[in-house]
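Counting in our numbering, the sequence shown runs from 319 upward without gaps.
Beneath this line is the structure, given in structure tokens, with notes to follow.
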Amino acid sequence: MTKVHERPVEPFSDIHFEHGEVRATLLHDPTVEGMDMALYLDGSGSMSDEYENKRQSESFLDWLFGKKTVVTDNIVEPQARWILEYLATKDRNGFLRVAYWATGTAGSIEVIGELQGKDVHNYKFPGPKKFGNQTNLKPAIEDYVEYLEEQMQQGARRGCAVFITDGVIHDAHEVKTYCEYLVKLMKKGKLPKMNFILVGVGKGVDEEQMEDICHEEYEGFGHLWCHRIAEEVNQVAELVAVLVDESMTVASGGTITDDKGRVLARYESRLPAVLEFKVPEGAHSFTLEVNGQKFTQPLPDEDDDDDHH
């Protein structure tokens, strides 16, 4: 199956292109009633260098010649802070479950606590007490599902968990199988609707593996996941594009044309936050005209592979 993806251009926050069909999500800051958010920070060994302000060890020659000790930054902490601050505005009570995942020897969870966005600058995220030897994501998802089931008794009606990672995930197959099971439960009404977001942080983010999980589409449900690279997020609303749906309105109308000016879709009374339309073979872009402004989004070639960025 040919399924390729292109970096979205504002005002788009997400683009999917498959067999000539486009699903384009517009940048929108959604409000979802009864939403319960959570934030999980990767505590695996591959992330250990991204945490804590560490002093790089000096050699004897460095000491002898008076070279200054280099202190490396905690890359995770500032990203965790702004993400937590924003997610708290989406949460039903402003408190988020925050935990390290993939810690210890069995991919265990180290819960930090229920944190508020307004106190974000007081929080420290130095990493878990014990870094994990494998990056297993499934236990973290299971932890969130169990937590959400508890929160349902207190008014939670929908869930979304964000997982910060470097993208190195060892149980991707198990994650996909478990997600299929969760989708079945959601479709039967046994679980509230949930979405998950992978956020890549660090110098060596493995985006290919993140895409492998996030671009899975589930019949009758759509996309359960989306992924972002923290350093590439220009507007915070990009983070939660997976929560945006067709029922949300962003403008009173608009028109979609291809790169030859042919009209592909026309929205007379309202412009939904998610646009779905077909493009002719050979089209390289489409343009959205709304409120007198035009925005052009490039499309990848359909003979590209899944690794297109």
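Yeah, the Cβ is synthetic: ideal placement off N, Cα and C, and Gly gets one too.
Look at ASN392 here: in three-state DSSP terms it is coil, with no helix or strand label. A Cβ-Cβ contact shorter than 8 Å links TYR441 with ARG399.
Remark: C-beta atoms of THR575 and VAL581 approach each other more closely than 8 Å. Looking at the backbone, the Cα of PHE413 and that of LEU509 are separated by about 21 Å. Per DSSP, MET504 is one residue of the alpha helix (DSSP H) stretching across 490 to 505. Here DSSP, grouped into helix, strand and coil, assigns HIS334 to strand.
For LEU589, the closest C-alpha among the options GLU607, GLY477, VAL493 is that of GLU607. Taking a cut-off of 8 Å on C-beta distances, the region 404 to 412 touches the region 352 to 367, as three or more cross pairs fall below it.
Considering only VAL592, LEU466, LEU345, the residue with the shortest C-alpha distance to ARG415 is LEU466.
The region 340 to 350 makes no contact with the region 431 to 439: fewer than 3 CB pairs, one atom from each, lie closer than 8 Å. Within the same chain, ASN392, PRO444, GLY445 come within 8 Å of GLU370 by CB-CB distance, once the 5 residues on both sides are set aside. Inter-residue distance for GLU599 and LEU359 is about 42 Å (C-alpha atoms, whole angstroms). Contact between the region 538 to 545 and the region 499 to 506 is present: three or more C-beta pairs spanning the two stretches fall below 8 Å. Beta-bridge pairing by DSSP links PHE413 to GLN434. For LYS596, there is no enclosing alpha helix (DSSP H); the residue is part of the beta strand (DSSP E) that begins and ends at 592 to 596. Inclusion of ASP530 and ASP484 in the CB contact set at 8 Å is not warranted, their separation being larger than that value.
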